[in-house]
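Novice: In our numbering, the protein residues as written are 382 to 486.
(1) Per DSSP, which one or two residues make a beta bridge with residue 423?
(2) According to the Cβ coordinates, are residue 435 and residue 424 closer than 8 Å?
(3) Less than 8 Å between the beta carbons of residue 419 and residue 437, yes or no?
(4) Among 476, 462 and 477, whose alpha-carbon lies nearest the alpha-carbon of residue 470?
(5) Check each candidate in 468, 479 and 400 and name the one with the smallest Cα separation from residue 408.
(6) Once you ignore the five residues that flank residue 413 on each side, which residues in its own chain have a CB closer than 8 Å to its CB?
Have a look at this one:
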């Protein structure tokens, strides 16, 4: 069966139609590109909105000290480990964090 036939069947699915209509009417709440840092308030489609779906419960994602620490760590360690913790992805800062968390708990 060609791919076009498979996808042409999607219009028969009520859930797909619901989300398509919501998207086309500007009411689709998912996958909206943010234009500013995710915080209590952010920007979407050039307007300020209240962010009710963020995981930054403590407001740390846009805290200046957290941002500066992440910039400093990125300059020192790069953007990622390029490996799993088992082989080559454990860094000294991971070990230090684990020790601090263990002491805290």
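All residues carry an ideal CB built from backbone N, CA and C; glycine is no exception.
Specialist: Once the coordinates are examined:
(1) According to DSSP, which records beta bridges pairwise, residue 423 is partnered with 430.
(2) Contact check for residue 435 against residue 424 fails: the beta carbons are separated by 8 Å or more.
(3) In this structure, residue 437 lies closer than 8 Å to residue 419 by Cβ.
(4) Nearest of 476, 462 and 477 to residue 470, Cα basis: 462.
(5) Checking every option, the nearest Cα to that of residue 408 belongs to 400.
(6) Non-local beta-carbon contacts of residue 413 in its own chain, meaning distances under 8 Å to residues more than five positions away in sequence, involve 425 and 426 in chain order.
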